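Here the sequence shown stands for residues 3 to 418, numbered as in this note's numbering. Just below is one structure, and these are the notes that go with it.
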Amino acid sequence: MTTMTKGATPASPASQARRGSGSHFLPVFARADVAFERGEGAWLFAEDGRKFLDFAGGIAVNVLGHSHPYLVEALTQQAQKLWHVSNLYNISEGARLADRLCELTFADKVFFTNSGAEALECAIKMARKYHSANGQPERYRIVTFEGAFHGRTLATIAAGGQKKYLDGFGPKVEGFDQVPFGDFDAMKAAVGPETGAVLLEPVQGEGGTRVFSNDFLRKLREFCDEKGLLLILDEVQSGVGRTGKLFAHEWAGITPDIMAIAKGIGGGFPMGACLSTDKASKGMTAGVHGTTFGGNPLAMAVGNAVLDVVATPEFLEGVRATARDITQRLAELKDRYPDLIEEIRGSGLLIGIKTKIANTDLVAAAREQNFLSVPAGDNVVRLLPPLNIGENEIREAYQRLDAALASLSTKAGTPA
Numbered sequence: 003m004t005t006m007t008k009g010a011t012p013a014s015p016a017s018q019a020r021r022g023s024g025s026h027f028l029p030v031f032a033r034a035d036v037a038f039e040r041g042e043g044a045w046l047f048a049e050d051g052r053k054f055l056d057f058a059g060g061i062a063v064n065v066l067g068h069s070h071p072y073l074v075e076a077l078t079q080q081a082q083k084l085w086h087v088s089n090l091y092n093i094s095e096g097a098r099l100a101d102r103l104c105e106l107t108f109a110d111k112v113f114f115t116n117s118g119a120e121a122l123e124c125a126i127k128m129a130r131k132y133h134s135a136n137g138q139p140e141r142y143r144i145v146t147f148e149g150a151f152h153g154r155t156l157a158t159i160a161a162g163g164q165k166k167y168l169d170g171f172g173p174k175v176e177g178f179d180q181v182p183f184g185d186f187d188a189m190k191a192a193v194g195p196e197t198g199a200v201l202l203e204p205v206q207g208e209g210g211t212r213v214f215s216n217d218f219l220r221k222l223r224e225f226c227d228e229k230g231l232l233l234i235l236d237e238v239q240s241g242v243g244r245t246g247k248l249f250a251h252e253w254a255g256i257t258p259d260i261m262a263i264a265k266g267i268g269g270g271f272p273m274g275a276c277l278s279t280d281k282a283s284k285g286m287t288a289g290v291h292g293t294t295f296g297g298n299p300l301a302m303a304v305g306n307a308v309l310d311v312v313a314t315p316e317f318l319e320g321v322r323a324t325a326r327d328i329t330q331r332l333a334e335l336k337d338r339y340p341d342l343i344e345e346i347r348g349s350g351l352l353i354g355i356k357t358k359i360a361n362t363d364l365v366a367a368a369r370e371q372n373f374l375s376v377p378a379g380d381n382v383v384r385l386l387p388p389l390n391i392g393e394n395e396i397r398e399a400y401q402r403l404d405a406a407l408a409s410l411s412t413k414a415g416t417p418a
């Protein structure tokens, strides 16, 4: 049962009716008992009057927080002109965004999508098509890593290989070979004559904010070159400034052949993209792939606005400084609550708190303090604040997490 903050006004029956009961949702989400009506920066305001500090970020989506005026202006101006025409015609804002993404990255080509899963589907198809176009259609298999999460389509759940997502959906899409996280020898052993690519997240988000080392990524790039494999990176969660570089692989000084992005590039508007080199995309000719809504004018206007803000050296340096500050404060909490916190890990502002209790207990206790976070695999709680989070909000986050941990420590019978 939700509690009202002092001075909050109960919703009227009429407003509740307008809002809807939610009973007709497909019951695939375990939703928290709170609904939000507006957001401002790092804050969310619930319909019952409560105010929450948002370190969930729509699961690493809201890179500039809620209702950022520059993004609102870009979307509003575009909405007053043109929403949708389809990819039967040129979309100028999309061409500009594609040019900018290629200028900022390794890529020569871009395909815009509506989501990360669609960007990964494009990447998987592109890798298979590349080898087929080179006269080796048998090289369709892709090596992936345990703990990965690449989306919810039939192909991407097969790529992730997690039983909980595969159960009940019939035969797994063929062509994916999982190996243990970070095990380079196992990866090499999994590569055979039918292998065409290796796919990984430089930082596993859903898998528990586990970071592939720079050395691992460099060795992997060399190995792929040696064996004629395409290297596909899933930067849906780690990209667009989240780690303090525009993309996480930049820390290792490597480049992929294909990269899937989404989440942050839209700043909250649904969009994604598959980026590739000319070489990797050689088989992707007219008619072999497509999308109705991907690259629509609304998404392209917002994507360009996000890059205007995020893709500057000054902004990314600010992310790195903020990440150092938050990580230091979390280390203090780890020292204060050794019975509850095992490890602080991650990269930049993709931060994980590995707990010694159920991670969902900490998420719930933090929500009682009006602080939002996200559970992840390996018993981790993810913190995914806006990349432009302010000092006051960081201090407030520390205090609310401290209170949440203190309540759990007291319940466990350990003095805080």
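The C-beta atom is built at its ideal place from N, Cα and C for all residues, glycine as well. All figures in this text were calculated on a predicted structure; none of them were measured in a lab.
Within 10 angstroms of the beta-carbon of L90 lie fewer than 16 other beta-carbons, which makes it exposed.
Counting along the chain, the unbroken beta strand (DSSP E) around F54 starts and ends at K53 to D56.
Residue environment: T287 is assigned as exposed (fewer than 16 neighbouring CB atoms within 10 Å of its CB, all protein chains considered). The three-state reading of DSSP puts E395 in helix, counting H, G and I together. D280: not part of any beta strand (DSSP E); DSSP gives it neither H nor E.
If you draw a straight line from the Cα of L389 to the Cα of T314, it comes to about 13 Å.
The alpha helix (DSSP H) runs of length 4 or more contained entirely in the segment 291 to 365 are, from start to end of the chain, 299 to 312 and 315 to 338.
Checking the DSSP bridge columns, you'll see M261 partnered with L235 and L277.
Linking T158 to L168 through their CA atoms gives a straight-line distance of about 10 Å. The three-state secondary structure of W85, taken from DSSP, is coil.
The DSSP-derived three-state label of E224 is helix.
Under the 10 Å beta carbon count, K229 is surrounded by fewer than 16 other beta carbons and is classified as exposed. Residue nearest to N306 within the set F271, H291 and T211 is F271 (criterion: CA-CA distance).
Between the segment 254 to 270 and the segment 104 to 121, the count of C-beta pairs closer than 8 Å reaches three or more; the two stretches touch. With a cutoff of 9 Å on beta-carbon distance, A48 and F54 are scored as near each other. Sequence-distant partners of A37 (beyond 5 residues in either direction) whose C-beta falls short of 6 Å from its own C-beta, in its chain, are E49.
Counting along the chain, the unbroken alpha helix (DSSP H) around G60 starts and ends at G59 to A62. With 16 or more other Cβ atoms inside 10 Å of its own Cβ, S278 counts as buried.
Cβ contact annotation for V112 (same chain, cutoff 6 Å, sequence separation greater than five): A100, L103, A275 and L277, in chain order. Note that the C-beta distance between F108 and P258 is below 9 Å.
Sixteen is the threshold: when 16 or more other Cβ atoms of the shown chains lie within 10 Å of the Cβ of S283, as they do, the residue is buried. In this structure, DSSP gives T115 an extended state, which the three-state scheme calls strand. Counting only residues of its own chain and dropping the five nearest sequence neighbours on each side, N372 has a CB closer than 8 Å to the CB of R52, K53, F54, L55 and R402. Only exposed fits K166, as fewer than 16 other CB atoms lie within 10 angstroms of its CB.
For G230, there is no enclosing beta strand (DSSP E), since its DSSP letter is neither H nor E. DSSP places T158 in the uninterrupted alpha helix (DSSP H) bounded by L156 to G162. In terms of CA proximity to I396, R331 leads the group P377, R331, G379 and G350.
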